[in-house]
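In terms of my numbering, the sequence shown opens at residue 60 and continues consecutively. The C-beta atom is built at its ideal place from N, Cα and C for all residues, glycine as well. As structure tokens, the structure follows; a few thoughts come after it.
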Amino acid sequence: MFGFLVTAVGLPLIGIIAVALAGGGWKGLTRDLPPFVATLMAVLIFIIIGPAFAAPRTGLVAYEMAVKPFLGADAGQTSLTVFSVIFFAVALFFAWSRGKLIDMIGKFLTPALFAVLAILAIAVFVNPQGAIEAAQADYVTQPFTKGFLEGYNTMDTFAALMFGMLIVDVIRSKGITDEKETCTYLIYAGLIAAAGLAFVYVSLFYLGATSSTVAGGAANGGEILTAYVQALFGSTGQIILSAIVLLACLTTAIGLISACSDYFSSLTKLSYEKWAVILAVICAVVANVGLNQLITLSIPVLFALYPVAIALVALTFVRRWLPNPALAYRVVLAVSLLFSLIDVAKYLGFDMSALNVLPLYDYGMAWVLPTFIALVVTRFIGGNGAEHQTRTV
Numbered sequence: 060m061f062g063f064l065v066t067a068v069g070l071p072l073i074g075i076i077a078v079a080l081a082g083g084g085w086k087g088l089t090r091d092l093p094p095f096v097a098t099l100m101a102v103l104i105f106i107i108i109g110p111a112f113a114a115p116r117t118g119l120v121a122y123e124m125a126v127k128p129f130l131g132a133d134a135g136q137t138s139l140t141v142f143s144v145i146f147f148a149v150a151l152f153f154a155w156s157r158g159k160l161i162d163m164i165g166k167f168l169t170p171a172l173f174a175v176l177a178i179l180a181i182a183v184f185v186n187p188q189g190a191i192e193a194a195q196a197d198y199v200t201q202p203f204t205k206g207f208l209e210g211y212n213t214m215d216t217f218a219a220l221m222f223g224m225l226i227v228d229v230i231r232s233k234g235i236t237d238e239k240e241t242c243t244y245l246i247y248a249g250l251i252a253a254a255g256l257a258f259v260y261v262s263l264f265y266l267g268a269t270s271s272t273v274a275g276g277a278a279n280g281g282e283i284l285t286a287y288v289q290a291l292f293g294s295t296g297q298i299i300l301s302a303i304v305l306l307a308c309l310t311t312a313i314g315l316i317s318a319c320s321d322y323f324s325s326l327t328k329l330s331y332e333k334w335a336v337i338l339a340v341i342c343a344v345v346a347n348v349g350l351n352q353l354i355t356l357s358i359p360v361l362f363a364l365y366p367v368a369i370a371l372v373a374l375t376f377v378r379r380w381l382p383n384p385a386l387a388y389r390v391v392l393a394v395s396l397l398f399s400l401i402d403v404a405k406y407l408g409f410d411m412s413a414l415n416v417l418p419l420y421d422y423g424m425a426w427v428l429p430t431f432i433a434l435v436v437t438r439f440i441g442g443n444g445a446e447h448q449t450r451t452v
């Protein structure tokens with residue numbers, strides 16, 4: 060559990076703070092990298108949180124939790140396909156208009172969603188539907204690293220790096236322009252959000268641990284949550300949860316399509332509107348692979364790129380002490396990518412046993428120590444004392 064909270068709550072919080080320290084944007088975070096590398100990283104992140112995984116997953120989660128429970132035996136590939144087309148057509152409509160309607164919905168939706176989750180969380184602890192089951196498989200032998208790697212699936216660190224600038228802009232729109240003051244307010248806001256998110260996650264952990272009686276045989280978390288809500292609140296509770304989840308997933312899909320379209324249109328000659336259509340179509344197609352399959356497909360990609368994002372965040376915090384930031388960023392990120400690919404190859408079934416001497420290799424985190432060593436080494440090479448004294452963030 061703690062490992063999951065580190066990647067799902069702690070890293071996004073730290074990522075947002077890193078964005079603030081870097082000046083409030085992606086360009087600041089990657090200013091010591093070659094422009095084409097920074098652009099490539101941004102493109103890959105937008106693809107991951109856009110049409111490849113995160114955006115299609117919003118449609119799948121909406122289907123699993125808001126529609127499928129009411130279909131019963133009629134739930135199947137055809138119903139998923141029809142729902143995916145309708146869901147992303149609606150998302151495209153709102154993303155195309157770029158109106159303020161979604162902002163208005165968001166102002167009411169976020170508090171409503173949090174209220175529903177808070178009620179569910181309290182109910183889970185007050186009226187659990189079963190005894191806590193014993194941990195299984197890797198959660199017994201390596202609970203921290205298993206949870207840490209599972210936290211990759213939230214993709215929230217990627218989102219924090221790309222959208223952290225929006226939070227900084229909101230703070231500055233309130234008249235707070237001093238860098239230190241901005242960071243202070245950002246930390247306070249982030250801590251409050253992180254505490255709320257951690258509370259929700261912990262309650263969901265407890266829900267899952269006590270769900271075997273009411274959700275035996277469930278294939279994913281959405282099915283477990285649906286079964287639990289039905290057991291606690293009956294059909295009325297399921298209807299309310301379905302409505303909230305549907306709206307939450309829809310607004311998230313709209314935001315992701317809009318953000319990706321805006322970025323890709325800035326890189327190409329295609330307009331925002333054309334990109335919105337392209338991305339919505341891709342999302343509808345990808346969503347038809349199913350939730351479990353999509354999560355499985357995303358794991359190798361996340362194994363490869365999440366360590367790079369973590370290394371980038373770490374570099375942002377120590378940049379002022381690096382004698383040659385340009386060298387350090389290139390070396391550290393390259394090392395993190397190289398060794399994360401070893402973990403990817405191992406996950407895909409390639410024989411990497413010759414490298415099992417690497418610390419944390421057996422845990423799928425072979426990149427950690429080499430990346431740390433690269434960071435330490437670049438702290439002492441590539442510059443002179445004068446440069447070190449004058450280096451600023």
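Does the count of Cβ pairs from the segment 143-150 and the segment 372-385 closer than 8 angstroms reach three? no
What residue does the alpha helix (DSSP H) around residue 258 start on, and which one ends it? Taking the first residue of the sequence shown as 1, we reach residue 258 at position 199. Residue 258 -> alpha helix (DSSP H) spans 238-268.
Secondary structure, alpha helix (DSSP H): runs of 4+ residues fully inside the segment 300-356: 331-345
So, with DSSP's three-state summary, where would you put residue 209? As a working mapping, residue 209 is identified with position 150 in the sequence shown. Three-state DSSP puts residue 209 in a helix.
Hey, is the segment 205-216 in contact with the segment 281-288, meaning 3+ C-beta pairs nearer than 8 angstroms? no
Separation of residue 315 from residue 143, as counted between CA atoms: The count along the sequence shown starts at 1 and reaches residue 143 at position 84. The count along the sequence shown starts at 1 and reaches residue 315 at position 256. Looking at the two C-alpha atoms, the distance is approximately 16 angstroms.
Are residue 430 and residue 391 closer than 8 angstroms when you measure CB to CB? For the purposes of this step, residue 430 is taken as residue 371 along the sequence shown, with counting starting at 1. For the purposes of this step, residue 391 is taken as residue 332 along the sequence shown, with counting starting at 1. Yes, they are a contact pair.
Taking just the CA atoms, how far does residue 416 sit from residue 313? Locating residue 313 in the sequence shown gives position 254, counting from the first residue. Locating residue 416 in the sequence shown gives position 357, counting from the first residue. Going by the C-alpha atoms only, they are around 46 angstroms apart.
Taking 8 angstroms as the cut-off, decide whether the C-beta atoms of residue 425 and residue 401 are in contact. Start at 1 with the first residue of the sequence shown, and residue 425 comes out as number 366. Start at 1 with the first residue of the sequence shown, and residue 401 comes out as number 342. Yes, the pair counts as a contact, with Cβ atoms nearer than the cut-off.
CB of residue 307 within 8 angstroms of CB of residue 103, strictly: As a working mapping, residue 307 is identified with position 248 in the sequence shown. As a working mapping, residue 103 is identified with position 44 in the sequence shown. No, these two residues do not count as a Cβ contact at 8 angstroms.
For residue 92, does the count of other Cβ atoms within 10 angstroms reach 16, so buried, or fall short, so exposed? Locating residue 92 in the sequence shown gives position 33, counting from the first residue. It is buried - the Cβ of residue 92 has at least 16 other Cβ atoms within 10 Å.
Hey, how far is the Cα of residue 421 from the Cα of residue 414? As a first step, residue 421 must be located in the sequence shown, where it is residue number 362. As a first step, residue 414 must be located in the sequence shown, where it is residue number 355. Approximately 10 angstroms, taken between the alpha carbons.
Which two residues bound the contiguous alpha helix (DSSP H) that contains residue 122? Translated into positions along the sequence shown, residue 122 becomes position 63. Secondary structure note for residue 122: it is in no alpha helix (DSSP H), with a DSSP letter that is neither H nor E.
Cα separation between residue 212 and residue 361? Taking the first residue of the sequence shown as 1, we reach residue 212 at position 153. Taking the first residue of the sequence shown as 1, we reach residue 361 at position 302. Spanning the two alpha carbons is a distance of roughly 7 angstroms.
Looking at C-alpha atoms only, which residue of 311, 397 and 95 is the closest neighbour of residue 153? Counted from its first residue, the sequence shown places residue 153 at position 94. If we check each option's Cα against that of residue 153, 311 comes out closest.
Taking the alpha carbon of residue 82 as the point to measure from, which residue in 332, 376, 100 and 193 has its own alpha carbon closest? In the sequence shown, the residue the question calls residue 82 occupies position 23. Nearest of 332, 376, 100 and 193 to residue 82, Cα basis: 376.
For residue 216, count neighbouring C-beta atoms within 10 Å of its own C-beta (all shown protein chains included) and say buried if the count is 16 or more, exposed if not. Against the sequence shown, residue 216 aligns to sequence position 157. Buried.
Segment limits, alpha helix (DSSP H) that includes residue 152: Locating residue 152 in the sequence shown gives position 93, counting from the first residue. Segment 136-156, the alpha helix (DSSP H) holding residue 152.
Please classify residue 251: is it buried, with 16 or more other beta-carbons within 10 angstroms of its beta-carbon, or exposed? Your numbering for residue 251 matches position 192 in the sequence shown. Here residue 251 is exposed: its Cβ has fewer than 16 other Cβ atoms, across all protein chains shown, within 10 Å.
Compare the C-alpha of residue 183 against each of 234, 111, 259 and 247 and name the closest. Along the sequence shown, read from residue 1 onward, the residue named residue 183 stands at position 124. Ranking the options by Cα distance to residue 183, first place goes to 259.
Just reading off the alpha helix (DSSP H) that residue 85 is part of, what are its end residues? Counted from its first residue, the sequence shown places residue 85 at position 26. From DSSP, the alpha helix (DSSP H) with residue 85 extends over 85-88.
For residue 428, which option in 410, 395, 406 and 404 has the closest C-alpha, if you only look at C-alpha atoms? Here the question's residue 428 lines up with position 369 in the sequence shown. Taking only the C-alpha atoms, the option nearest residue 428 is 395.
If you run the structure through DSSP and keep just helix, strand and coil, what is residue 405? On the sequence shown, residue 405 is found 346 positions in, with the first residue counted as 1. Looking at residue 405 - three-state DSSP - the assignment turns out to be helix.
Under the assumption that residue 324 contacts residue 330 (Cβ atoms under 8 angstroms), give the Cβ distance between them as a whole number of angstroms. In the sequence shown, residue 324 corresponds to position 265, counting from 1. In the sequence shown, residue 330 corresponds to position 271, counting from 1. Yes, they are in contact, since the Cβ atoms of residue 324 and residue 330 sit about 6 angstroms apart, within 8 angstroms.
Assign residue 169 to one of two classes, buried (16 or more other C-beta atoms within 10 Å of its C-beta) or exposed (fewer than that). As a working note, residue 169 is residue 110 in the sequence shown. Counting the other Cβ atoms within 10 Å of the Cβ of residue 169 gives fewer than 16, which makes it exposed.
Distance check for residue 106 and residue 353, CA to CA, integer angstroms please. Here residue 353 refers to the residue found at position 294 of the sequence shown. Here residue 106 refers to the residue found at position 47 of the sequence shown. Roughly 14 angstroms separates the two Cα atoms.
If I measure Cβ to Cβ from residue 214 and keep anything under 6 angstroms in the same chain, skipping five residues before and after, which residues do I get? Position 155 of the sequence shown holds residue 214. So the qualifying residues of the chain are 108 and 113.
CA-to-CA distance, residue 79 to residue 222, given in whole angstroms: As a position in the sequence shown, residue 222 is number 163, starting the count at 1. As a position in the sequence shown, residue 79 is number 20, starting the count at 1. Taking the straight line joining both Cα atoms gives about 11 angstroms.
Nearest-angstrom Cα separation, counted from residue 110 out to residue 342: The residue given as residue 342 occupies position 283 in the sequence shown. The residue given as residue 110 occupies position 51 in the sequence shown. Those two C-alpha atoms are separated by around 5 angstroms.
Is residue 129 buried or exposed, if buried means 16 or more other CB atoms sit within 10 Å of its CB? As a first step, residue 129 must be located in the sequence shown, where it is residue number 70. Looking at its Cβ environment, which holds fewer than 16 other Cβ atoms inside 10 Å, residue 129 is exposed.
Sort 387, 388 and 419 by Cα distance to residue 398 and report the nearest one. The count along the sequence shown starts at 1 and reaches residue 398 at position 339. When only C-alpha atoms are compared, the closest one is 419.
For the alpha helix (DSSP H) holding residue 98, just list the boundary residues, first then last. What you label residue 98 is simply residue 39 of the sequence shown in a count that begins at 1. It spans 94-106 - the alpha helix (DSSP H) in which residue 98 sits, taken as one unbroken run.
So, for residue 300: in the same chain, excluding its five sequence neighbours on each side, which residues have a beta-carbon less than 6 angstroms away from its beta-carbon? As a first step, residue 300 must be located in the sequence shown, where it is residue number 241. If we look at residue 300 and ignore the five residues flanking it on each side, its Cβ neighbours are 288.
Could you give the residue range of the alpha helix (DSSP H) that holds residue 63? Within the sequence shown, the letter at position 4 stands for residue 63. Element bounds for residue 63: 61-64.
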